[in-house]
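K.L.:
Residue numbers (our numbering): 10 to 255.
1. Can the beta-carbon of residue 197 be found closer than 9 Å to that of residue 189?
2. Could you spell out the range, first to last residue, of the beta strand (DSSP E) harbouring residue 272?
3. May I ask you to list the residues that DSSP assigns as paired with residue 56?
4. Let me know the beta strand (DSSP E) ranges lying completely inside the region 132-168, each 3 residues or longer, listed in chain order.
5. Count the C-beta pairs between the region 133-140 and the region 80-97 that are closer than 8 Å, then say yes if the count reaches three, no if not.
6. Determine the burial state of residue 132: buried for a count of at least 16 other Cβ atoms within 10 Å of its Cβ, exposed for fewer.
7. What residues in its chain sit with their C-beta under 6 Å from that of residue 166, if we drop five residues either side in the sequence?
8. Let me make sure I understand the geometry here. Which of 228, 156, 194 has the alpha-carbon closest to that of residue 173?
9. Figure out for me which residue from 30, 40, 11 has the closest Cα to the Cα of residue 248.
10. Roughly how many angstroms lie between the CA atoms of residue 123 and residue 220, to the nearest whole one?
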């Protein structure tokens with residue numbers, strides 16, 4: 010069984026509707042950006058690597074309710090350095106999720122092949138892909154392409170969920186408290202547990218503010234919600250104050 014350690018390695022401040030489709034417009038909202046250290050077994054595993062140069066300010070830490078670290082500082086809390094990492098699994102390749110890949114020079118890096126296609130040939134609507142962030146690890150032969158649902162290690166499975174991006178991967182992890190899912194798309198807890206006024210519209214979930222296909226995203230989110238005992242929405246602020254999920 011694994012333990013999951015959320016490490017805040019960045020933040021973004023924007024309109025809440027960037028997380029919650031057609032809801033929260035005009036409301037300023039701060040999200041944490043995580044890398045997730047997966048402890049257990051004989052390999053050092055991360056899901057995503059976060060921002061390269063996070064803004065570390067008192068106001069942003071207050072907004073998310075937790076401390077913001079550089080990648081190195083965050084790993085050091087668990088007695089790790091970037092070169093200790095054996096495996097990186099990517100939910101997707103937007104720049105706030107792969108900013109520190111180049112520092113993990115000994116890691117195998119798992120990513121869906123559609124994300125690699127996008128990062129090298131992004132659509133004009135999606136400015137979040139920056140191929141500079143993965144060119145080094147590609148040249149070093151560290152990339153491991155995934156093109157279907159894949160068990161990466163015992164107790165860790167990547168499931169293709171093209172909700173927020175074409176190659177999004179939701180990562181299912183066996184823990185002592187049940188199966189946890191780190192979502193392969195950028196949402197908060199409210200997306201899975203909408204307020205009463207949204208439920209009154211007969212919506213069981215709220216798709217992310219940016220979706221590949223909003224109707225399919227809705228259906229896929231319902232499916233993921235039923236597949237895990239522990240849901241870990243990719244940008245949920247409450248995890249910023251939690252050291253360990255197990």
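Each residue gets a CB set at the ideal place from its N, CA and C atoms; glycine is no exception.
P.N.:
Looking at the coordinates:
1. no
2. The structure shown does not extend to residue 272, since the chain spans only 10 to 255, so no value can be given for it.
3. Bridge pairing for residue 56: 45, 98 [DSSP].
4. 152-155, 159-162
5. no
6. Classification for residue 132: exposed.
7. 160, 181
8. Ranking 228, 156, 194 by Cα distance to residue 173 puts 194 first.
9. Looking at the Cα atoms, 40 is the closest of the given residues.
10. Our two residues, residue 123 and residue 220, have alpha carbons roughly 15 Å apart in a direct line.
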